[in-house]
């Protein structure tokens, strides 16, 4: 019996063996390894007793494999130093126990000895086999065991489903919580990033406004200075033009005065010549000199007054 399978599987296999061995087996061979009597092997024995009943043990023989591991020790000595559970099992079995050397396949005596032990066990049992009545009881026990196993399996499945559902729900809640926390962290990080970007933008705008204001002020200052310089240049040019015009006017007036005086003198001279008043010419000249001084802005009024007197 392979103990690595589940109880349900082992029970089903036993049920199959009952149908195939009709009218009934003369012997059950329980195969164990020459090792410590494991919990799995104890479980297998319990399954057999549950299915076939304690009466099945008198039709049973324990066959140990890997006898070579015992070296010079006999199988009986191995059983004697093993656990009480294994000793009790061998004592209950009607055929006792036997051992096979797995490495010595050429030794046919170990098979012959096994068959002899089985024959002796059958003889002790009166040559009978595990009867149909026993089978019926076994089948009923198997069915009962199967139902028990199915119910247990259903409960286990239900429990596992509930546990899986609870576990899944818990995982979903944890995942949801984790997602919410991650979302909140991302939102917080994004908010911090947005605030930082807004601060940087405000600082950049302030800097740009400040620089633009400074540029406009400098440009306005340059334009103002240029305009003032142009105004000063225009004013200077205008003043120079006015002075030039005044000078030209003064020269024109001076020439006109001189021409007028010359004409007056010429007329007076001709008139004097015509009237033979040559003696009067110096006086006339003096009078006209006084008159011309009135049009000269540089003439001293005191001098004019003296001439008048």
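In this note's numbering, the protein residues as written are 612 to 920.
Ideal Cβ placement from N, Cα and C applies to all residues, glycine included.
What you are looking at is a predicted structure, and each value in this text was computed from that prediction instead of being measured.
In this structure, residue 686 lies away from residue 704, with their beta-carbon atoms at least 8 angstroms apart.
Excluding sequence positions up to five before and after residue 812, its CB lies less than 6 angstroms from no other CB in the same chain. Looking at the backbone, the Cα of residue 818 and that of residue 827 are separated by about 14 angstroms.
Contact check for residue 678 against residue 642 fails: the beta carbons are separated by 8 angstroms or more. For residue 701, no beta strand (DSSP E) run applies; the uninterrupted alpha helix (DSSP H) run containing it begins and ends at 695-703, by DSSP. Sequence-distant Cβ neighbours of residue 696 in its own chain, meaning closer than 7 angstroms and more than five residues away, are 648 and 653. According to the DSSP secondary-structure assignment, residue 671 is paired through a beta bridge with 639. Annotated three-state conformation of residue 685 is coil, per DSSP. Here the alpha carbon of residue 801 sits roughly 10 angstroms from the alpha carbon of residue 807. With contacts defined by Cβ atoms closer than 8 angstroms, residue 659 and residue 667 form a contacting pair.
With at least 16 other beta carbons inside 10 angstroms of its own, residue 655 counts as buried.
Assigned with DSSP and collapsed to three states, residue 723 falls in helix.
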